[in-house]
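K.L.:
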Amino acid sequence: MPQTHSNLYEVTVNGSQELMWYNVEVKRGRHTYEFEIYRASDTISVFYVDQSGRQLTIASTEEMAAMLLYEEDKQRYRNIVGDAEWMLLDGMDSQRGMSREEELAFLYLKANVLDEMAAELEGQLRMRKPPITGGLFSLFH
């Protein structure tokens, strides 16, 4: 466990965790859509890379709307994003709905790569420890 000290900071790194990074291109006709996938021991994160090289977070429009408390805010949000099912967020102040072509590329990636990665990860987690169950849910349902 490495430790570093200075007058202002103390940094301690506990244990190690394998991190895999995948740069993925999905091609359809003359168009290429870039994604980055990060896989840690128990997490898979996927990002869309736009034409400027910016890494954008992909989020479900429904999940974003569900975070709003008032129905009028949810309706206003749906009017802004239109019929996009997936959002691209830059982490600062910008967001937009995925274009239909971007969405199709993402759904193709999800069906042909991400779902398989998630199933493999779930299998590895099951082998490490039994499913965590609670009153109304099971982690692996």
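Here the working numbering is used: the first residue of the sequence shown is 1469, the next is one more, and so on.
All C-beta atoms, glycine included, are put in the ideal place defined by N, C-alpha and C.
Just so you know, these numbers come straight off a predicted model, no measurement behind them.
Quick check on Glu-1493: does DSSP put it in helix, strand or coil?
P.N.:
Here residue 1493 refers to the residue found at position 25 of the sequence shown. Residue state, collapsed to three classes: strand.
K.L.:
Considering only the beta carbon of each residue, do Leu-1589 and Asp-1510 sit closer than 9 Å?
P.N.:
Here residue 1589 corresponds to residue number 121 of the sequence shown, with the count starting at 1. Here residue 1510 corresponds to residue number 42 of the sequence shown, with the count starting at 1. Going by C-beta atoms, Leu-1589 is nearer than 9 Å to Asp-1510.
K.L.:
At the level of alpha carbons, what is the spacing between Asn-1482 and Ala-1508?
P.N.:
Position 14 of the sequence shown, counted from the start, is the residue given in the question as residue 1482. Position 40 of the sequence shown, counted from the start, is the residue given in the question as residue 1508. About 15 Å.
K.L.:
Would you report the Cα separation of Arg-1498 and Thr-1480, rounded to the nearest angstrom?
P.N.:
The sequence position of residue 1498 within the sequence shown is 30, counting from 1. The sequence position of residue 1480 within the sequence shown is 12, counting from 1. Taking the straight line from one Cα to the other gives about 48 Å.
K.L.:
Does the region 1541 to 1550 come into contact with the region 1517 to 1527, if we say contact requires no fewer than three beta-carbon pairs (one atom in each stretch) closer than 8 Å?
P.N.:
Touching, no, given that fewer than three Cβ pairs across the two stretches are closer than 8 Å.
K.L.:
Output the distance between the C-alpha atoms of Thr-1601 and Leu-1537, rounded to the nearest integer angstrom.
P.N.:
Along the sequence shown, read from residue 1 onward, the residue named residue 1601 stands at position 133. Along the sequence shown, read from residue 1 onward, the residue named residue 1537 stands at position 69. Because Thr-1601 sits at a pLDDT of 40, beneath the cut-off of 50, its placement in the model cannot be relied upon, and the following sentence gives the value as read from the coordinates. When rounded, the distance between both Cα atoms is 29 Å.
K.L.:
In angstroms, rounded to a whole number, what distance separates the CA positions of Phe-1515 and Phe-1503?
P.N.:
If you number the sequence shown from 1, residue 1515 lands on position 47. If you number the sequence shown from 1, residue 1503 lands on position 35. Approximately 5 Å, taken between the alpha carbons.
K.L.:
Find the nearest neighbour of Arg-1564 within the set Leu-1575, Asp-1551, Leu-1572, judged by alpha-carbon distance.
P.N.:
Counted from its first residue, the sequence shown places residue 1564 at position 96. Cα-wise, what sits closest to Arg-1564 is Asp-1551.
K.L.:
I'd like the span of the alpha helix (DSSP H) that includes Tyr-1545, first residue to last.
P.N.:
Looking up residue 1545 in the sequence shown gives position 77. Looking at the DSSP string, the run of the alpha helix (DSSP H) that includes Tyr-1545 is 1539 to 1549.
K.L.:
Considering Cα atoms alone, identify which of Val-1494, Glu-1531, Lys-1578 is closest to Met-1555.
P.N.:
Translated into positions along the sequence shown, residue 1555 becomes position 87. Taking only the C-alpha atoms, the option nearest Met-1555 is Glu-1531.
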